[in-house]
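A short write-up of the structure that comes next.
Numbering (the numbering used here), first residue to last: 15 to 273.
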């Protein structure tokens with residue numbers, strides 16, 4: 015059965031569709047290509063989860079922003095505009111990030127989103143993944159995209175929150191029982207090019223570290239979205255947002271028309 019027909023049938027039967035968005039830095043723009051296809055085909059997603067870049071994309075989509083608008087919004091999140099020269103507080107300016115997000119999420123509440131949404135963060139105190147889905151939105155959201163030493167942990171309630179992708183880069187299990195069919199969008203395929211610097215070596219190390227999440231998640235996914243061409247893009251390729259979006263869009267069109 016075509017994936018598109020499969021989802022349309024589920025929607026007709028009032029079955030719940032879930033979507034999980036992985037972390038992946040700039041590669042996460044590929045998620046938006048998938049979301050664009052879901053919008054075009056009028057496939058209604060009922061519940062979402064995400065971490066790191068997937069949390070950022072997912073929060074905007076759960077709020078009701080369309081994929082192409084999210085793309086334009088996130089392209090304005092230039093790293094240089096968010097940096098500060100303060101090594102004690104971290105290079106990423108928390109207040110600047112928060113101020114930008116407040117424009118799009120003025121209520122700062124999960125309850126203001128149009129869809130149930132789970133954000134995965136790593137807590138440095140308990141060394142566990144913490145999943146947030148209610149009350150304040152911005153603290154978990156910023157925590158999930160915080161990468162030491164670029165930024166200090168988000169200290170909130172009894173947690174010290176950092177990038178959720180460290181311990182759960184594909185937070186699918188948290189919504190598996192909340193939906194009847196599950197789509198997982200994963201963009202961390204091994205890089206094609208060899209490492210030529212410490213930064214590139216770190217990227218390769220990260221991909222190797224999170225590969226176990228992909229192996230585990232594939233077993234619980236009904237539809238697995240993983241554009242092979244992601245191997246040509248790096249985590250920091252934010253200037254290639256449009257190109258990455260298009261790769262995700264074309265791959266999504268393929269998987270939703272194949273048998």
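For each residue, glycine too, the CB sits at the ideal point set by N, CA and C.
In this text, all values refer to a predicted model and were calculated from it rather than measured experimentally.
Cα-Cα separation, residue 262 to residue 35: Along the chain shown, one-based indexing puts residue 262 at 248. Along the chain shown, one-based indexing puts residue 35 at 21. Rounded to the nearest angstrom, the two C-alpha atoms are 13 Å apart.
Collapsed DSSP secondary structure at residue 203 in the structure displayed: Position 189 of the chain shown holds residue 203. Coil.
Stretch pair the segment 194-202 + the segment 165-173: three plus CB contacts closer than 8 Å: no
The segment 249-262 touching the segment 33-47, judged by at least three CB pairs closer than 8 Å: yes
Residue 240 versus 182, 204, 133, residue with shortest Cα-Cα distance: Residue 240 sits at position 226 when you count from the first residue of the chain shown. With distances taken between Cα atoms, residue 240 lies closest to 204.
Same chain, Cβ closer than 6 Å to residue 187, five either side skipped, listed in chain order: On the chain shown, residue 187 is found 173 positions in, with the first residue counted as 1. No residues qualify anywhere along the chain.
Integer Cβ distance of residue 70 from residue 159, believed to fall under 8 Å: Mapped onto the chain shown, residue 70 falls at position 56. Mapped onto the chain shown, residue 159 falls at position 145. Between residue 159 and residue 70 the Cβ distance is about 6 Å, and since that is below 8 Å, they are a contact.
Given residue 118 as reference, the closest of 133, 79, 66 once Cα atoms are compared: To locate residue 118, count along the chain shown from 1; it is residue 104. Here the closest residue by C-alpha is 79.
For residue 185 and residue 63, believed in contact at Cβ under 8 Å, the rounded distance: Along the chain shown, one-based indexing puts residue 63 at 49. Along the chain shown, one-based indexing puts residue 185 at 171. Their Cβ separation, rounded to whole angstroms, is 5 Å, which keeps residue 63 and residue 185 in contact under 8 Å.
Contacting residues, own chain, Cβ-Cβ under 7 Å from residue 39 (five flanking each side not counted): Here residue 39 corresponds to residue number 25 of the chain shown, with the count starting at 1. Contacts found: 67, 249, 250.
Assigned exposure category for residue 126 - 16 Cβ within 10 Å defines buried: For the purposes of this step, residue 126 is taken as residue 112 along the chain shown, with counting starting at 1. Exposed.
Neighbour-count burial assignment, residue 123, 16 or more Cβ in a 10 Å radius: In the chain shown, the residue the question calls residue 123 occupies position 109. Exposed, because fewer than 16 other Cβ atoms sit within 10 Å of the Cβ of residue 123.
Backbone secondary structure at residue 180 - three-state DSSP: Counting from 1 along the chain shown, the entry for residue 180 is found at position 166. It is helical.
Cβ-based burial, residue 140 [other Cβ within 10 Å; buried from 16]: As a first step, residue 140 must be located in the chain shown, where it is residue number 126. Residue 140 should be labelled exposed.
Short Cβ contact (8 Å threshold) for residue 114 with residue 146: Position 100 of the chain shown, counting from 1, holds the residue named residue 114. Position 132 of the chain shown, counting from 1, holds the residue named residue 146. No. Outside cutoff.
Sequence-distant residues of the same chain with beta carbon closer than 7 Å to residue 129, five excluded per side: Position 115 of the chain shown, counting from 1, holds the residue named residue 129. Closer than 7 Å at Cβ, skipping near neighbours: 59, 60, 61, 62, 76.
Neighbour-count burial assignment, residue 271, 16 or more Cβ in a 10 Å radius: Position 257 of the chain shown holds residue 271. With fewer than 16 Cβ atoms within 10 Å of its Cβ, residue 271 is classed as exposed.
Opposing strand residues paired with residue 135 [DSSP bridges]: Within the chain shown, numbered from 1, the residue matching residue 135 stands at position 121. In DSSP, residue 135 forms a bridge with 144, 177.
Residue burial classification, residue 202 (beta-carbon count within 10 angstroms, cutoff 16): The count along the chain shown starts at 1 and reaches residue 202 at position 188. Residue 202 is buried by the Cβ-count criterion.
For residue 238, the residue or residues it bridges with in DSSP: The residue given as residue 238 occupies position 224 in the chain shown. Its beta-bridge partners are 198.
Residue 177 beta carbon less than 8 Å from that of residue 72: For this step, residue 72 is matched to residue 58 along the chain shown. For this step, residue 177 is matched to residue 163 along the chain shown. Cβ distance not < 8 Å, so residue 72 and residue 177 don't count as in contact.
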